[in-house]
């Protein structure tokens with residue numbers, strides 16, 4: 011029976027696999043293994059005070075540009091360095107990120123005409139945030155869409171009512187002349 015190089019038979023390993031591989035690829039693998047071991051043993055270096063201050067300034071600029079997710083990354087570095095005010099700003103930025111997520115969810119629901127769900131998401135945005143103004147504007151748009159929806163429903167209902175009245179009116183008109191004909195006969199019998 012012939013066993014190929016990929017065979018998983020219970021044979022003794024080949025001599026070439028027992029020897030140390032001196033190929034360039036093997037050297038790279040060894041270096042990677044050593045680097046992984048070093049990374050596991052070495053404690054993480056906390057950011058310096060200068061790094062924290064630079065990250066805090068960068069985060070403030072990002073907040074002004076409404077780049078809250080990027081600002082959060084910078085504020086984590088600043089908070090790790092123990093920079094004053096970074097924790098408070100990080101808390102505010104996380105609230106803005108949450109508001110942004112709620113606004114996006116509300117916008118998707120608004121596009122899908124789920125007005126109640128959109129209203130719930132937009133009303134959940136806390137006042138006093140940068141994005142609360144946007145949420146308020148979207149709520150106004152939502153109110154306008156609700157008014158339009160109500161008008162359309164009322165218009166449909168009135169059209170249906172008119173159609174039903176028209177159908178009922180045709181039947182009613184046929185009955186009315188018969189009633190008028192019957193009334194004069196009664197009058198003639200009475201004198």
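Numbering (the numbering used here), first residue to last: 11 to 201.
We treat Cβ as the ideally placed atom computed from N, Cα and C, and that holds for glycine.
Residue state for residue 103 is assigned as helix, using DSSP reduced to three classes. For residue 87, the enclosing alpha helix (DSSP H) stretches over residues 78 to 90.
If you compare the alpha carbons of 171, 88, 152 with that of residue 56, the shortest gap goes to 88. Where residue 133 is concerned, the enclosing alpha helix (DSSP H) starts and stops at 125 to 133.
The beta carbons of residue 116 and residue 91 sit no closer together than 7 angstroms.
When DSSP states are grouped into helix, strand and coil, residue 95 belongs to the coil group. The criterion of a C-beta distance shorter than 7 angstroms is not satisfied by residue 106 and residue 72. When secondary structure is reduced to three states using DSSP, residue 75 falls in the coil class, being assigned neither helix nor strand. In the structure shown, residue 58 adopts coil according to DSSP, grouped into three states. Counting every other CB atom within 10 Å of its CB across the protein chains shown gives residue 79 a total below 16, marking it as exposed. Here residue 116 carries a helix assignment [DSSP, helix/strand/coil]. Between the stretch 145 to 156 and the stretch 124 to 133 there are three or more inter-stretch CB-CB distances shorter than 8 angstroms, so the stretches are counted as touching. The DSSP-derived three-state label of residue 139 is coil.
In the structure shown, the three-state DSSP call for residue 122 is coil. The beta carbons of residue 103 and residue 85 sit closer together than 7 angstroms. Annotated as proximal: residue 113 and residue 145, with beta-carbon spacing under 7 angstroms. About 7 angstroms separates the beta carbon of residue 100 from that of residue 82, a gap short enough to meet the 8 angstroms contact definition. With at least 16 other beta carbons inside 10 angstroms of its own, residue 148 counts as buried.
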